[in-house]
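First comes the structure, then the notes that go with it.
Residue numbers (our numbering), protein chains in the order written: chain R, 33 to 119; chain Y, 33 to 119.
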């Protein structure tokens, strides 16, 4: 029997208290397109991966470690993880 | 009465057929951490914004236009949009 595969998706976002100049630039671009009803644009990172793990908890642990130690800067960024069994 | 506010989240990912060297680099980093059970790491962009719109459909239209014309490169990237009424 093969080990189950899980799909993990991690979203890393700047904390609300941190200025986001890239988001401001995109917001200006959207306004220039004529959509002045758009505001609070913020840019983050999206990371997806496949994890071979015996169960959901083990897969979540790997994704969380990767996010904490490699993908997110804990001083400036928050992260959100979703792990689902691959169909 | 004020116009309703919608939260839009847009995820932009490289098409499957496009090589993702940044994802490969992150995958190597995760392997170096000892998690060799991780593969197919791919990196994308996450964009969130607030849209003032009379209804959900109007908010989705704005988010889709921004994604198509500004945020995603239609040759290399796909995008996925979620729009929710702000609570």
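Idealized CB from N, CA, C, for every residue including glycine. These numbers come from a predicted model, not from an experiment.
Inter-residue spacing [alpha-carbon to alpha-carbon] between residue 52(R) and residue 34(R):
Within the first chain, residue 52(R) is the residue found at index 20, counting from 1. Within the first chain, residue 34(R) is the residue found at index 2, counting from 1. One C-alpha to the other measures close to 44 Å.
Taking only beta-carbon atoms, is residue 69(R) less than 9 Å away from chain Y?
To locate residue 69(R), count along the first chain from 1; it is residue 37. For residue 69(R), the answer is yes, since a Cβ of chain Y falls inside 9 Å of its Cβ.
What is the rounded straight-line gap between the Cα of residue 60(R) and the Cα of residue 43(Y)?
Numbered from its first residue, the first chain carries residue 60(R) at position 28. Numbered from its first residue, the second chain carries residue 43(Y) at position 11. Each residue's Cα considered, the two are about 19 Å apart.
Give, in chain order, every residue of the segment 77-107 of chain Y whose Cβ lies closer than 8 Å to some Cβ of chain R.
77, 78, 79, 80, 81, 82, 83, 84, 85, 94, 97, 98, 101, 102 and 103
Would you decide whether residue 57(R) is buried or exposed? Buried here means 16 or more other CB atoms lie within 10 Å of its CB.
Here residue 57(R) refers to the residue found at position 25 when the first chain is read from its first residue. It counts as exposed.
Can you list, in chain order, the residues of its chain whose CB lies under 6 Å from that of residue 112(Y), leaving out five sequence neighbours each side?
Walking along the second chain from the start, residue 112(Y) turns up at place 80. Counting only Cβ-Cβ distances below 6 Å, and skipping sequence neighbours, we find 43.
Please give the ranges of any alpha helix (DSSP H) in the segment 88-112 of chain Y, keeping only runs that are unbroken, at least 4 residues long and fully inside the region.
88-98
Which residues in chain Y sit within 7 Å of residue 43(R), going by Cβ to Cβ distance?
In the first chain, the residue the question calls residue 43(R) occupies position 11. Going along chain Y in sequence order, the residues near residue 43(R) (Cβ under 7 Å) are 78.
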